[in-house]
Structure formats: C-alpha cells, structure tokens
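The next block holds one structure in the form of structure tokens; read it before the comments.
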Amino acid sequence: MKKFMIAVIIFNLILFGISFSKEARILTLEESLKMALEQSYDIKYAEQNLIREQENVKAARAALRSNASINFLVPSFKTENEQVYDSGEDIFKYKYSQKNRMMSQLTINQPIPTDGNFSLNYDFFHESQLGNVRNYSNYFYFKFQQPIFTPNVLSMGIRRAELGLEDTELDYKNRNLFIEYRITRSYYFLYRNFEQRKINDKKVQLLEEANNIVKKLNGKRLIDEMDVLQIEVELANSIDQLLEVEGILERQKNSFKQDIGLPLNEDIKIIIDLQYKPINFNEKLSEQTIKMGLKNSIRIRKNEIDNEYRTMAVIDADRRNEFKGNIITTLGLDKKDSLFAETLRKPDQTRGVTLELYMPLWDWGRNKAQVRSAEASLKHNEIALEENIRDVKRRIEDELRNLKEASDRLKILENSKILAEKSYYLGLERFKISEMNSQDLLLSLDQLMQSY
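Numbering (the working numbering), first residue to last: 79 to 530.
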C-alpha cells in the first residue's frame with residue numbers, strides 16, 4: 079500500500095506539472111514534413127549534388143557554342159650549339175645560335191553537332207637571331223576538321239551529362255521520398271504513443287472507479303479481501319505502466335523534434351482525425367497500381383539510365399581500336415618578311431586538305447576482350463532490370479494484399495471494441511452487486527484495453 083500511495087503521488091505530480099506547463103504546439107503532418115524537408119541534412123547534401131550535375135549539363139551543352147583563346151610567347155629565348163652540315167668540306171660543324179621569339183596565336187572555334195569543328199586562326203611572330211637577323215610572320219587561316227568512321231563523341235558527352243543530371247534528380251527525389259516516409263512513419267508512431275497514453279490513462283480511471291466500488295463493498299462486508307487486494311495491485315501496476323508510457327512518449331517527442339528541427343524544450347501535441355475510406359479491391363485496381371508503380375519507380379528508371387551508360391561503354395571500348403579517320407582542310411593567307419610592313423602586303427594564299435586514317439593491325443585480342451567485358455556488364459544490368467521490374471510488381475501486389483487484410487481486420491476490430499466495451503460495463507454492473515469477482519472483472523478490463 080505504501081508503494082501504491084507513492085506511485086499515486088508521483089502520478090499526480092506529473093499530471094499537475096503537465097497541466098501548468100506551456101501550451102503545447104499542435105503539429106500537423108504537412109507542417110512536420112515541410113520543416114523536415116527545409117532543414118534536413120540529406121536534402122541540403124542532395125541539393126549540392128543536383129547543382130553540380132546541372133552545371134555539368136550546362137558545360138556539356140556549351141561545348142557546341144563558339145569559344146576563343148589566345149596564346150602568347152613573350153618572349154621565347156633560346157641559345158644552343160646546333161649541328162650544321164658543311165657541303166664544301168663534307169662534314170658536320172657546330173654553330174652557335176641565339177634566337178629570341180615573340181609569338182601570339184588567336185583561335186576562334188565553332189564546334190558543330192557532327193563532332194567536327196570550324197576555326198578561324200591568326201598566328202603572328204617576331205624572331206631575332208645573332209647577326210641582326212629579323213623575321214616577321216603573319217598567318218591568317220580558316221580550318222575545318224571532321225572525324226569520320228567513328229561515333230560522335232561530342233553528342234555522347236552531352237548525353238552522358240544529361241543522364242547524370244537525371245540520375246541525380248532521381249536521387250534528390252528519392253531522398254525527399256525517404257524523408258517523407260521516415261517523418262510520416264515517426265509522426266504516426268508518435269501519434270500511437272499519444273493514444274497509448276490515453277488508453278493507459280483510461281485504464282487507470284476505470285481501475286480507480288472499480289477501486290472505489292471495492293471500498294464501498296468492503297465497508298459493507300460484501301466482498302472478499304483478496305478481491306480488494308487484486309484491484310489495488312492492478313491499479314498500482316497500471317499507474318506504473320502509465321508512468322512508463324509517459325517516459326516513452328517524452329523520448330519519442332524529443333526524437334521527433336530533433337528529426338524535424340524543433341527545439342527540444344518546445345512541447346508538441348498531435349491531433350488527428352483518422353477516417354478510413356473503404357477501397358474497392360479488384361483486378362482493375364491492381365493493374366492500375368502496378369502500372370503506376372512501374373512508371374514512377376525510381377529504382378527501375380535508374381536501372382534504365384545505367385543500361386544507357388553501359389551501352390555507351392561498349393561503344394567506347396570498341397572505338398579504342400577501330401578503323402577511323404579525320405578530314406582536315408585549311409585555307410589562309412601567309413606572309414613572312416624581315417620587315418613587318420611587308421608582311422601585310424600581298425600575302426601568299428595557302429590551302430591544304432589532309433585525310434588521316436587509322437587502321438589497327440593487332441593487339442593480341444586486348445580490344446576484343448575489353449568489348450566483351452563491356453557487353454557482359456550491359457547484359458548483367460539488363461538481367462537486373464528484368465528482375466527489378468518483377469520485384470516492383472511483387473512488392474506492389476504484397477502491399478495491396480496487406481492493405482486489404484488491414485481493411486478487413488479494421489472492421490473486425492471496430493466491432494470487437496464495441497463488444498468489449500459492452501462486456502466490460504455489463505461485468506462492472508454485475509461486480510457492483512457481487513455477482514462477479516475481481517479476477518473476472520480485471521480479465522474483462524484487459525480485453526477492453528486490448529481492443530482499444
């Protein structure tokens with residue numbers, strides 16, 4: 079009895095402290111999700127990845143735009159003993175030379191979607207040597223270069239960047255969904271703890287009511303002493319359980335506040351009007367849900383992106399040792415003279431066409447092995463994609479089945495709660511007139527709490 083009185087005092091102190099504490103902040107699920115998504119470390123981390131990939135795509139697409147560069151050598155100084163052939167004496171002699179060159183090169187490029195490149199070029203240099211020898215050169219020319227018999231590397235680079243961006247966007251979306259799932263799950267788990275406290279509080283109230291009845295019956299000598307003790311012990315245990323639930327609830331509240339970024343000293347409360355809307359489970363619903371799941375599956379889309387990456391990897395492996403070529407054409411004006419002014423007068427016209435071809439002869443099967451390895455990696459990923467599609471279908475079907483089972487159980491449990499309440503209060507009336515002992519009453523009470 080002494081322990082029982084101590085527990086009652088502690089319980090009342092807790093209730094007294096709660097009743098006079100600062101009014102709790104009522105949190106909705108939408109508000110909680112908004113706070114978590116704004117303050118989450120995972121989201122901030124993913125946002126930076128997203129920015130990185132967006133900039134990568136901009137950089138890749140910018141490869142199709144004009145670009146210009148200028149290169150300076152100011153100056154290039156060189157002294158050396160160079161070997162020179164003397165035809166008169168039929169021997170090689172060494173000649174000391176000293177060169178001082180100042181040079182600039184201006185290039186304006188315009189890439190084209192075929193992986194080729196147009197460029198406008200201007201080269202100028204001034205060179206002085208020992209013996210007061212000076213040379214100037216002005217070279218202005220147009221150049222076109224186009225790879226042939228080879229995949230378009232430029233377009234593949236842009237496509238890779240676009241796939242990288244989409245993959246990162248999917249990661250960002252996935253992190254959002256995971257946070258929404260985690261916060262939603264924690265929110266309803268916290269709600270469950272609030273409701274559990276109400277249930278435990280209800281049990282204490284019902285036991286206090288039963289204890290008052292027991293005292294009256296005991297005063298009239300209408301009840302056995304054992305029944306009195308059983309009710310008092312159960313009441314003390316229920317108060318102890320309520321205190322334990324209070325502690326669990328406070329810890330869960332703190333954990334939830336930390337997850338969504340609220341100060342730990344701010345009290346919170348959750349109020350939800352849970353209403354279940356019946357679902358018509360049929361074959362059409364299953365087909366629609368599976369279709370939607372496959373369409374929106376992040377895992378499947380990421381697998382498809384990986385497939386495209388690996389397809390390009392096969393192309394990359396094959397082109398390392400392929401027959402390929404390059405066409406280079408130039409057209410320009412060139413003039414060299416010891417006087418700078420002369421280089422600007424009547425320049426010589428230059429032109430050129432070059433066809434470069436590369437033909438591999440043998441590499442002891444190295445390239446073929448690399449291609450087969452890349453093809454095996456692609457096939458591996460295709461098999462994984464097929465399995466992921468089957469797995470997504472199975473998971474959706476399982477969730478629909480679980481939802482149907484939960485729906486059926488809910489109807490049964492709601493009816494069970496009504497029957498348990500009716501059974502308990504009928505038993506309580508019988509207990510008041512000594513037609514039921516405390517053990518049966520407590521058993522009925524346990525069934526009612528289980529139904530809640």
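From the three backbone atoms N, C-alpha and C, an ideal C-beta is built for every residue, glycine too.
| Query | Result |
| --- | --- |
| Isoleucine 309 beta carbon less than 8 Å from that of asparagine 289 | yes |
| Residues that DSSP places opposite glycine 410 in a beta bridge | Tyr219 and Thr428 |
| Same chain, Cβ closer than 8 Å to serine 501, neighbours up to 5 away in sequence not counted | Ser522, Gln525 and Leu526 |
| Alpha-carbon to alpha-carbon, alanine 141 and lysine 432 | The question names lysine, but residue 432 in the sequence shown is threonine. One C-alpha to the other measures close to 25 Å. |
| Neighbourhood of leucine 463 by C-beta distance below 6 Å, restricted to the same chain and skipping five residues each side | Asn381 |
| For serine 522, three-class secondary structure by DSSP | helix |
| Status (buried if at least 16 other CB within 10 Å, exposed otherwise) for leucine 439 | exposed |
| Cα-Cα separation between arginine 428 and leucine 243, rounded to whole angstroms | Reading off the sequence shown, one finds threonine at residue 428, where the question assumed arginine. Taking the straight line from one Cα to the other gives about 45 Å. |
| Which residues DSSP lists as bridging threonine 106, in chain order | BP columns for threonine 106 are empty, so no partner. |
| Which of helix, strand or coil DSSP assigns to tyrosine 265 | helix |
| The region 338-353 contacting the region 416-427, beta-carbon criterion three pairs below 8 Å | no |
| Given 8 Å, three or more beta-carbon pairs between the region 257-274 and the region 161-174 | no |
| N-terminal and C-terminal residue of the alpha helix (DSSP H) that serine 201 is part of | Reading off the sequence, residue 201 comes out as aspartate, not serine. Per DSSP, aspartate 201 belongs to no alpha helix (DSSP H); it is in the beta strand (DSSP E), 195-207. |
| Neighbour-count burial assignment, aspartate 305, 16 or more Cβ in a 10 Å radius | buried |
| Sheet register partners of methionine 180 (DSSP bridge) | His204 |
| Contacting residues, own chain, Cβ-Cβ under 7 Å from isoleucine 326 (five flanking each side not counted) | Asn271 |
| Alpha-carbon spacing of glycine 403 relative to arginine 397, whole angstroms | 12 Å |
| For serine 154: DSSP bridge partner residues | Arg179 |
| Reference serine 26, options Pro191, Asn254, Val470 and Leu488, closest by Cα | In the structure as shown, the chain starts at 79 and stops at 530, and residue 26 therefore has no counterpart that could be examined. |
| Coarse secondary structure for glutamate 328, derived from DSSP in three states | helix |
| C-beta atoms of isoleucine 257 and isoleucine 129 nearer than 8 Å | no |
| Which residues DSSP lists as bridging isoleucine 346, in chain order | Arg103 |
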